[in-house]
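**Student:** Let me begin by handing over the structure; questions about it come next.
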Amino acid sequence: MTTFRLTKGLTLIELCVALLVMATIALSVASVAPSMIHTQRADAAIKELRQLFRFARTEAITRTTIVTICPLDAANQCSNDWHRPISVFRDPDNSRALSQGEVIIKQLDRAAGGVLRAAPAQRRYFQFDALGGSKGTLGNLTYCPTSGDPRFIRRLIVSFPGRTRLAQDTDLDGQVEDAQGKPITCD
């Protein structure tokens with residue numbers, strides 16, 4: 684009489700197949716993870732910047748005064764060094780400086796994983812008037828990743844009415860474009 688013994692466990696073939704499946708999944712996740720991290724970092728930086736601009740515009744309308752957004756230098760004057768923390772303050776005398784009695788109402792530390800570049804190139808500040816409009820010229824801030832990868836460049840655009848929008852990837856090539864449809868660069 685033949686007796687069969689009940690076995691519990693995996694055969695060598697089953698174990699090899701399971702390890703192969705797990706290794707394939709681990710490799711695919713490992714190759715996508717850095718790209719996802721850079722994308723999330725760029726998106727978070729530009730969205731945080733957009734929220735700062737929306738806050739400043741709302742503050743200008745609510746308080747019916749000029750509100751300035753800029754990086755401040757050691758003398759509390761607006762500078763074009765967008766690597767510094769970006770400050771928002773009420774600027775009723777339109778001095779583009781933190782005058783006596785004025786306080787910083789909100790501040791944003793420098794962008795993680797990248798740098799900001801303003802356009803026009805020497806732009807030192809953005810302002811909103813009491814009606815929420817952009818005071819002065821049009822402009823934008825571009826987030827340039829330290830990796831240099833153009834897929835992670837982001838741009839915040841400020842219009843005359845004071846609205847902000849983000850540059851889009853209209854041709855779906857992985858890079859955001861300017862108004863002429865050309866990929867934005869950080870040169």
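Counting in the numbering used here, the sequence shown runs from 684 upward without gaps.
Built from N, CA and C at the ideal position, the CB exists for glycine as well.
So what's residue 859 in DSSP terms, helix, strand or just coil?
**Tutor:** If DSSP states are grouped into helix, strand and coil, residue 859 belongs with coil.
**Student:** Would you mind stating whether residue 800 and residue 762 have Cβ atoms separated by less than 9 angstroms?
**Tutor:** Contact flag unset, no.
**Student:** Residues in its own chain within less than 8 angstroms of residue 772 by CB, not counting five upstream and five downstream?
**Tutor:** 750, 751, 781, 785, 786, 787 and 788.
**Student:** Under 9 angstroms between the Cβ atoms of residue 814 and residue 845?
**Tutor:** In this structure, residue 845 lies closer than 9 angstroms to residue 814 by Cβ.
**Student:** CB of residue 765 to nearest heavy atom of the ligand MN: below 8 angstroms?
**Tutor:** Among the components of this structure there are no ligands whatsoever, and the ligand MN is therefore not found.
**Student:** Taking the continuous beta strand (DSSP E) assigned at residue 783, which residues delimit it?
**Tutor:** Segment: none, residue 783 is in no beta strand (DSSP E) and carries neither H nor E.
**Student:** Would residue 847 and residue 733 be called neighbours here (beta carbons separated by less than 9 angstroms)?
**Tutor:** Result yes, Cβ atoms of residue 847 and residue 733 sit closer than 9 angstroms.
**Student:** Quick one: complete beta strand (DSSP E) runs, 3+ long, within the segment 788-864?
**Tutor:** Here the runs fully enclosed are 797-802, 809-811, 822-828, 837-841 and 847-849.
**Student:** Could you give the DSSP three-state label for residue 693: helix, strand or coil?
**Tutor:** In the structure shown, residue 693 sits in coil (DSSP, three-state: anything other than H, G, I, E or B).
**Student:** Should the segment 823-841 be regarded as contacting the segment 850-858, the criterion being three or more beta carbon pairs within less than 8 angstroms?
**Tutor:** Flag = yes, the segment 823-841 and the segment 850-858 touch.
**Student:** Among all the DSSP beta bridges, which residues are the ones paired with residue 751?
**Tutor:** Answer is 772 and 810, bridged to residue 751.
**Student:** Do residue 725 and residue 837 have their beta-carbon atoms positioned less than 9 angstroms apart in this structure?
**Tutor:** Yes, these two residues count as a Cβ contact at 9 angstroms.
**Student:** Compare the beta carbon distance of residue 770 and residue 755 with 9 angstroms and say whether it is the shorter of the two.
**Tutor:** In this structure, residue 755 lies closer than 9 angstroms to residue 770 by Cβ.
**Student:** Would the beta-carbon of residue 810 fall within 9 angstroms of that of residue 796?
**Tutor:** Cβ atoms of residue 810 and residue 796: not closer than 9 angstroms.
**Student:** Output the distance between the C-alpha atoms of residue 867 and residue 828, rounded to the nearest integer angstrom.
**Tutor:** Their backbone Cα atoms lie some 12 angstroms apart in a straight line.
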